[in-house]
Amino acid sequence: MNLNQSPLPSESQQPRKTWLALDMRAKIVAGILGTGALALAVLIFFVLNQTQKVANALAERLEASVSQLAEEQLANTAFVQAEQANQSFKDVMEEVSGLAGNWAALQGQKEVVSQRTYWDASTNLVQWVGGHYGNSANDLSSIFIPTGVPVNESLVTDLNTSAYLDFYAPRIMENYPSLLAVYAIDTRGVTRYYPNINLASLLPSDFDATERPYYSITAPLFNPKRLPRWTIPYADATGGGLVVTIAAPVYEGNQFTGIVAADMQLSQITEQINAIKVGQTGYAFLLDDAGLVLSMPQAGYDMFGIRPGDINTEEFFKQTILGKGTVQLQALVKRMTAGGSGLLIVDVDGTDTYISFAPVKANGYSVALVVPVSELQGAIIAARNQTQQQIRSATQTAAIILIILLIMAIAVSLGLGQIIAAPIRRLTQVATQIAGGDLSVQADATTRDEIGTLAYSFNTMTSRLRQTLDGLERMVEERTVELLSANEKNEHRAKQFESIAQVARTVSSTRDLDVLLSQITTVISREFGFYHVGIFLLDAVKEYAILSAANSEGGQVMLKRGHRLKVGEVGIVGYVTGTGNPRVALDTGADAAFFNNPDLPDTRSEMALPLQSGEEIIGALDVQSTLPNAFSQEDINILSTLADQVSVAIQNARQFEQTRKALSEAEALARQFAKTGWQQYTKDKNLIGIHHTGARATLLYEKNGKEKEEGSWGTDLTKNKSRGAFLTLPVELRGEVIGSVNVRSPDNRPWDQDELDIVKAIIERSAIAMENARLLEESQRLASKEAKIGAVTAKISASINMRNVLQIAVEELGRALPGSEVVIQFQTDQNKNKPTP
Numbered sequence: 002m003n004l005n006q007s008p009l010p011s012e013s014q015q016p017r018k019t020w021l022a023l024d025m026r027a028k029i030v031a032g033i034l035g036t037g038a039l040a041l042a043v044l045i046f047f048v049l050n051q052t053q054k055v056a057n058a059l060a061e062r063l064e065a066s067v068s069q070l071a072e073e074q075l076a077n078t079a080f081v082q083a084e085q086a087n088q089s090f091k092d093v094m095e096e097v098s099g100l101a102g103n104w105a106a107l108q109g110q111k112e113v114v115s116q117r118t119y120w121d122a123s124t125n126l127v128q129w130v131g132g133h134y135g136n137s138a139n140d141l142s143s144i145f146i147p148t149g150v151p152v153n154e155s156l157v158t159d160l161n162t163s164a165y166l167d168f169y170a171p172r173i174m175e176n177y178p179s180l181l182a183v184y185a186i187d188t189r190g191v192t193r194y195y196p197n198i199n200l201a202s203l204l205p206s207d208f209d210a211t212e213r214p215y216y217s218i219t220a221p222l223f224n225p226k227r228l229p230r231w232t233i234p235y236a237d238a239t240g241g242g243l244v245v246t247i248a249a250p251v252y253e254g255n256q257f258t259g260i261v262a263a264d265m266q267l268s269q270i271t272e273q274i275n276a277i278k279v280g281q282t283g284y285a286f287l288l289d290d291a292g293l294v295l296s297m298p299q300a301g302y303d304m305f306g307i308r309p310g311d312i313n314t315e316e317f318f319k320q321t322i323l324g325k326g327t328v329q330l331q332a333l334v335k336r337m338t339a340g341g342s343g344l345l346i347v348d349v350d351g352t353d354t355y356i357s358f359a360p361v362k363a364n365g366y367s368v369a370l371v372v373p374v375s376e377l378q379g380a381i382i383a384a385r386n387q388t389q390q391q392i393r394s395a396t397q398t399a400a401i402i403l404i405i406l407l408i409m410a411i412a413v414s415l416g417l418g419q420i421i422a423a424p425i426r427r428l429t430q431v432a433t434q435i436a437g438g439d440l441s442v443q444a445d446a447t448t449r450d451e452i453g454t455l456a457y458s459f460n461t462m463t464s465r466l467r468q469t470l471d472g473l474e475r476m477v478e479e480r481t482v483e484l485l486s487a488n489e490k491n492e493h494r495a496k497q498f499e500s501i502a503q504v505a506r507t508v509s510s511t512r513d514l515d516v517l518l519s520q521i522t523t524v525i526s527r528e529f530g531f532y533h534v535g536i537f538l539l540d541a542v543k544e545y546a547i548l549s550a551a552n553s554e555g556g557q558v559m560l561k562r563g564h565r566l567k568v569g570e571v572g573i574v575g576y577v578t579g580t581g582n583p584r585v586a587l588d589t590g591a592d593a594a595f596f597n598n599p600d601l602p603d604t605r606s607e608m609a610l611p612l613q614s615g616e617e618i619i620g621a622l623d624v625q626s627t628l629p630n631a632f633s634q635e636d637i638n639i640l641s642t643l644a645d646q647v648s649v650a651i652q653n654a655r656q657f658e659q660t661r662k663a664l665s666e667a668e669a670l671a672r673q674f675a676k677t678g679w680q681q682y683t684k685d686k687n688l689i690g691i692h693h694t695g696a697r698a699t700l701l702y703e704k705n706g707k708e709k710e711e712g713s714w715g716t717d718l719t720k721n722k723s724r725g726a727f728l729t730l731p732v733e734l735r736g737e738v739i740g741s742v743n744v745r746s747p748d749n750r751p752w753d754q755d756e757l758d759i760v761k762a763i764i765e766r767s768a769i770a771m772e773n774a775r776l777l778e779e780s781q782r783l784a785s786k787e788a789k790i791g792a793v794t795a796k797i798s799a800s801i802n803m804r805n806v807l808q809i810a811v812e813e814l815g816r817a818l819p820g821s822e823v824v825i826q827f828q829t830d831q832n833k834n835k836p837t838p
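In the working numbering, the protein residues as written are 2 to 838.
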């Protein structure tokens with residue numbers, strides 16, 4: 002008997018089979034059969050509704066994306082075209098400015114250049130009937146001298162100097178085919194024109210080039226900043242089409258001496274603009290800064306309401322569109338002439354139209370692209386229709402699939418009880434994928450039973466894991482960025498310290514102050530890449546900071562004119578030398594006043610650091626950069642170390658100079674002492690020399706106050722006499738001649754070089770030995786003198802009686818000065834004015 006078997010309930014105790022009593026398989030079957038139709042209806046409605054929403058959202062995003070892309074492409078196209086035109090103008094402007102600089106450099110050396118024989122105006126000028134002058138058509142350039150300008154030596158010198166432009170101007174015209182002519186005009190109206198078109202035969206005799214617009218706008222009155230200037234476009238008289246002139250001023254120092262100009266055809270630029278096509282009917286046009294039309298198709302004139310009859314085919318370039326067209330177009334033109342850029346949608350005859358514009362920065366021109374919005378949005382419309390068609394097709398397919406699924410669900414509902422564990426298996430698969438590292442999977446948590454709760458828990462855990470990992474990835478990325486930034490800063494700092502070390506190595510080997518300062522500025526500029534480096538040193542009264550060295554060309558100009566700044570008042574150098582604190586200046590705000598230096602026009606940032614010796618300010622280190630905001634607090638700290646090294650180097654150089662000067666003075670004083678000592682020695686000894694014949698030596702003394710005849714001191718002299726070669730050499734001590742040596746060879750032969758070298762070496766060592774002996778004798782004499790004085794003083798000091806003191810003093814003086822009469826006499830009022838016996 003099974004004792005654990007429970008008794009069967011009675012019939013009355015068995016509950017009725019209700020819905021709640023059904024097993025899971027029955028519930029699944031009943032649920033599927035009961036809700037199939039409702040589920041199908043709801044699902045179809047939901048799918049259709051969501052599909053429409055998704056389609057609309059995708060269509061809106063697509064339209065926005067395509068529209069944004071079209072606008073960006075249009076704006077980029079306008080910018081690229083404007084930049085291409087700008088580069089063409091900029092290249093020509095730089096060439097003309099460079100030619101002006103070459104002419105200025107030639108003028109600075111015209112006294113030398115004009116003396117060369119390349120081209121001589123005095124022989125090549127030809128006077129025409131009208132009184133004006135020209136030159137041969139075979140020369141590289143045409144010369145035109147208007148009537149009234151005297152052909153004197155000054156003019157000939159200037160023409161001989163400007164002739165060397167032949168080596169520059171033809172090359173420029175060869176490199177830029179759009180240039181019709183290049184010419185140079187001085188303040189007298191004298192013109193040198195490339196190519197040689199025999200200008201004197203084409204112009205009136207009194208033609209004054211200085212009254213032409215390109216000269217006037219470039220002269221100092223209208224161009225105080227000395228910038229290259231562009232003229233307004235004009236039609237070339239020789240059929241060259243639309244032409245614009247670029248002119249650059251020429252200065253010799255601060256003196257305006259003329260201009261260099263070039264005539265540039267605009268046909269290449271206008272053809273480039275006319276060739277631009279956007280969409281089906283889009284086009285481009287070009288304006289100058291005054292609103293004059295340089296290039297525009299007929300559609301552009303129609304847009305601004307300009308009738309064909311209003312366009313003069315001869316002077317079409319004088320047609321302005323300022324104030325023409327709608328209010329929107331007028332505002333557009335104002336922005337274009339002001340150098341602006343952007344993208345606008347403008348109503349043109351009821352059609353929304355894109356207009357993208359960008360400036361040509363070199364001369365203020367502006368390029369605009371015009372295209373109807375609809376032409377760029379054709380892709381949007383096609384994409385929208387295609388999307389709708391795909392949505393309809395997908396909806397039909399989804400409906401068919403849903404019906405098939407419902408039929409299949411009913412067919413297999415009876416077998417669901419056998420596969421009730423399927424959700425658990427799927428949940429297990431999800432857990433396995435998550436454990437494998439795929440956190441993007443989600444468990445199906447549509448049910449609310451235990452499996453659904455478990456799936457929801459899995460999803461929650463997965464979401465939190467994703468958030469945690471995303472946070473860790475962001476933290477790693479942030480730390481990586483910080484490490485990269487710190488590494489870059491460390492590398493930059495290491496390079497700066499390496500540059501400082503290089504500067505220190507360079508300046509440590511130089512002792513001459515002027516050479517040292519020049520080396521410091523050159524090395525700092527090279528190692529740190531600064532545009533200008535200058536060193537200011539204070540004057541003796543510390544009133545002015547004087548520029549003592551600079552590396553840049555502008556700095557050299559300032560050095561030549563003795564540039565100085567008042568301490569504590571003028572510029573950031575004055576501030577630094579007055580306060581001892583570093584200072585950084587930018588080219589904006591209140592600091593902009595510091596950058597009005599014509600010698601350093603490219604400066605955008607400046608930093609000055611004090612040069613100090615201990616607590617004393619001795620000057621300032623001034624560094625300037627072409628980059629805005631080039632200096633930070635870290636740069637100040639690092640470059641302050643460099644400034645300290647420069648200060649130490651300057652002080653070392655100064656101390657070296659002082660030491661060298663003191664040494665030189667000491668050497669000169671030593672030479673003087675040696676010379677005086679030997680003069681006094683020979684005077685005291687009455688000794689004028691010694692004579693050695695090989696067998697004996699004889700001292701030579703003065704006789705009757707006259708000296709024996711001496712040889713010529715300070716020269717090497719070899720004389721051949723009948724008794725043999727006679728040699729006279731000076732005896733030098735510390736650069737001073739104290740005597741001479743006369744040597745005669747035993748036989749009549751000349752002295753060879755080895756013998757001369759031996760004699761000179763012996764004389765040099767003999768001079769040192771004689772000086773040592775003289776100094777020893779002098780020291781012994783002084784020591785003996787001091788000993789005698791000490792002995793007398795000791796004897797006098799030993800007595801305390803006045804009479805004995807006087808007696809001892811008289812006796813000792815008599816012994817020290819034999820044969821002398823010694824008298825000690827006291828002074829009284831009676832004998833105050835009496836002479837001593």
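Don't be surprised by glycine CBs; every beta carbon is placed ideally from N, CA and C.
Cutting at 6 Å between CB atoms, please list the residues of its own chain near Asn1, excluding the five before and the five after it. This structure does not reach residue 1, given that the chain is present from 2 up to 838, and the question cannot be answered.
Please list, in chain order, all residues of the same chain as Lys278 whose beta carbon is under 8 Å from its beta carbon, the five residues on each side excluded. The residue labelled residue 278 in the question sits at position 277 within the sequence shown. Here the set comprises Tyr284.
Pick from Leu538, Gln387, Glu616: whose alpha carbon is nearest that of Asn57? Position 56 of the sequence shown, counting from 1, holds the residue named residue 57. Comparing Cα-Cα distances from Asn57 to each of Leu538, Gln387, Glu616, the minimum goes to Gln387.
Simplified DSSP assignment, three categories, for Pro10: Residue mapping note: residue 10 aligns to position 9 of the sequence shown, counting from 1. Low local confidence applies: a pLDDT of 46 at Pro10 is under 50, so the model's placement there is unreliable, with the coordinate-based value given in what follows. Coil at Pro10, not helix or strand.
Tell me whether the beta-carbon of Ile536 lies closer than 9 Å to the beta-carbon of Ala551. As a first step, residue 536 must be located in the sequence shown, where it is residue number 535. As a first step, residue 551 must be located in the sequence shown, where it is residue number 550. For Ile536 and Ala551, yes; Cβs fall inside 9 Å.
Nearest candidate by alpha-carbon position, reference Gly242, set Leu181, Pro205, Ala249, Lys226: Counting from 1 along the sequence shown, the entry for residue 242 is found at position 241. Residue Leu181 is the option with its Cα nearest to Gly242.
For Arg735, collect the residues of the same chain with a Cβ closer than 8 Å to its Cβ; drop the 5 residues on either side in sequence, then sort them by chain order. Here the question's residue 735 lines up with position 734 in the sequence shown. The residues are Glu668, Ala671, Arg672, Ala675.
Any 3 or more C-beta pairs closer than 8 Å across the stretch 645-661 and the stretch 551-571: no
Return the residue from the list Gly109, Val245, Gln69, Leu612 that minimises the CA-CA distance to Ile558. As a first step, residue 558 must be located in the sequence shown, where it is residue number 557. The residue you asked about is not Ile; residue 558 is Val in the sequence shown. For the residues Gly109, Val245, Gln69, Leu612, the minimum Cα distance to Val558 belongs to Gly109.
Output the distance between the C-alpha atoms of Leu566 and Asp636, rounded to the nearest integer angstrom. To locate residue 566, count along the sequence shown from 1; it is residue 565. To locate residue 636, count along the sequence shown from 1; it is residue 635. Between Leu566 and Asp636, the C-alpha separation is close to 24 Å.
Sorry if obvious, but does the Cβ on Val127 come closer than 8 Å to a heavy atom of the ligand ADP? The ligand content of the structure shown is nil, which means the ligand ADP is not present either.
Would you mind sorting Ala363 into buried or exposed? The rule is 16 or more other CB atoms within 10 Å of its CB. Residue 363 sits at position 362 when you count from the first residue of the sequence shown. Label assigned to Ala363: buried.
Validate contact between the stretch 257-277 and the stretch 212-221 using beta carbons, cut 8 Å, 3 pairs: yes
Just reading off the alpha helix (DSSP H) that Phe657 is part of, what are its end residues? Here residue 657 is taken as the residue at index 656 of the sequence shown, counted from 1. First-last of the alpha helix (DSSP H) with Phe657: 634-686.
What beta strand (DSSP E) runs, 3 residues minimum, are completely inside the stretch 291-356? 294-296, 343-349
Selected residue, minimal CA-CA separation from Lys880, among Ser98, Phe46, Thr258: The shown model of the chain, from 2 to 838, leaves out residue 880, and the question about it has no answer.
Are three or more beta carbon pairs between the stretch 156-175 and the stretch 220-234 nearer than 8 Å? no
How many Å lie between Ile618 and Thr578 at the Cα? The count along the sequence shown starts at 1 and reaches residue 618 at position 617. The count along the sequence shown starts at 1 and reaches residue 578 at position 577. So the alpha carbons of these two residues sit roughly 7 Å apart.
Could you tell me the alpha carbon to alpha carbon distance between Asn582 and Thr522, rounded to whole angstroms? Within the sequence shown, residue 582 is the residue found at index 581, counting from 1. Within the sequence shown, residue 522 is the residue found at index 521, counting from 1. The alpha-carbon atoms of Asn582 and Thr522 are separated by roughly 21 Å.
With 16 as the cutoff for other CB atoms within 10 Å, does Asp515 come out buried or exposed? The residue given as residue 515 occupies position 514 in the sequence shown. Exposed.
By how many angstroms is the C-alpha of Gly791 removed from the C-alpha of Glu822? For this step, residue 822 is matched to residue 821 along the sequence shown. For this step, residue 791 is matched to residue 790 along the sequence shown. If I take the Cα positions, the gap works out to 22 Å.
Assess contact between the stretch 325-335 and the stretch 244-259, defined as three or more Cβ pairs (one per stretch) separated by less than 8 Å. Is contact present? no
Nonlocal neighbours in the same chain, by C-beta distance under 8 Å from Phe827, ignoring five residues either side: Position 826 of the sequence shown, counting from 1, holds the residue named residue 827. Within the same chain, Phe827 has no close Cβ partners at all.
By how many angstroms is the C-alpha of Leu287 removed from the C-alpha of Gln281? Position 280 of the sequence shown, counting from 1, holds the residue named residue 281. Position 286 of the sequence shown, counting from 1, holds the residue named residue 287. So the alpha carbons of these two residues sit roughly 20 Å apart.
Going by other Cβ atoms of all chains shown within 10 Å of its Cβ, with 16 needed for buried, is Asn136 buried or exposed? If you number the sequence shown from 1, residue 136 lands on position 135. It is buried - the Cβ of Asn136 has at least 16 other Cβ atoms within 10 Å.
Just list the residues that DSSP pairs Ile536 with in beta bridges. One-based indexing of the sequence shown puts residue 536 at position 535. Beta-bridge pairing links Ile536 to Ala550, Leu622.
Considering Tyr177, what are the terminal residues of the alpha helix (DSSP H) in which it resides? If you number the sequence shown from 1, residue 177 lands on position 176. Unbroken run through Tyr177: none, as it is neither H nor E.
Out of Gln299, Glu607, Lys543, Thr158, which has the shortest C-alpha to C-alpha gap to Arg117? As a position in the sequence shown, residue 117 is number 116, starting the count at 1. Nearest C-alpha to Arg117: Thr158.
DSSP on Asn773, reduced to helix/strand/coil? Along the sequence shown, read from residue 1 onward, the residue named residue 773 stands at position 772. Asn773 falls in the helix class under three-state DSSP.
What does a CB cutoff of less than 7 Å around Leu730 pick up in its chain, not counting 5 residues either side in sequence? As a position in the sequence shown, residue 730 is number 729, starting the count at 1. These residues qualify, in order along the chain: Asp717, Ser741, Val742, Val760, Lys761, Ile764.
Look at the Cβ atom of Leu330, then the Cβ atom of Met304, and state whether they are nearer than 9 Å. On the sequence shown, position 329 is the one that residue 330 refers to. On the sequence shown, position 303 is the one that residue 304 refers to. Taking 9 Å as the Cβ cut-off, Leu330 and Met304 qualify as a contacting pair.
Taking the CB atoms as reference points, tell me whether Ile270 and Ala201 lie closer together than 9 Å. Counted from its first residue, the sequence shown places residue 270 at position 269. Counted from its first residue, the sequence shown places residue 201 at position 200. No, they are not a contact pair.
Got a sec? Which residues, its chain only, sit under 6 Å from Ala609 by beta carbon, not counting five neighbours each side? Along the sequence shown, read from residue 1 onward, the residue named residue 609 stands at position 608. Closer than 6 Å at Cβ, skipping near neighbours: Ile573, Val574, Val577, Arg584, Ala621, Asp623.
Return the chain-ordered list of same chain residues with a C-beta closer than 8 Å to the C-beta of Ile691, the five sequence neighbours on each side being excluded. Translated into the one-based positions of the sequence shown, residue 691 becomes position 690. Hits under 8 Å: Ala698, Thr699, Leu700, Leu701.
Under the assumption that Phe90 contacts Val347 (Cβ atoms under 8 Å), give the Cβ distance between them as a whole number of angstroms. Looking up residue 90 in the sequence shown gives position 89. Looking up residue 347 in the sequence shown gives position 346. That belief does not hold up - the Cβ atoms of Phe90 and Val347 are roughly 28 Å apart, past 8 Å.
Contact set for Gly131: own chain, Cβ-Cβ below 8 Å, skip 5 residues either direction: Within the sequence shown, residue 131 is the residue found at index 130, counting from 1. Excluding sequence neighbours, Gly131 sits near Thr148, Pro205, Ser206, Asp207.
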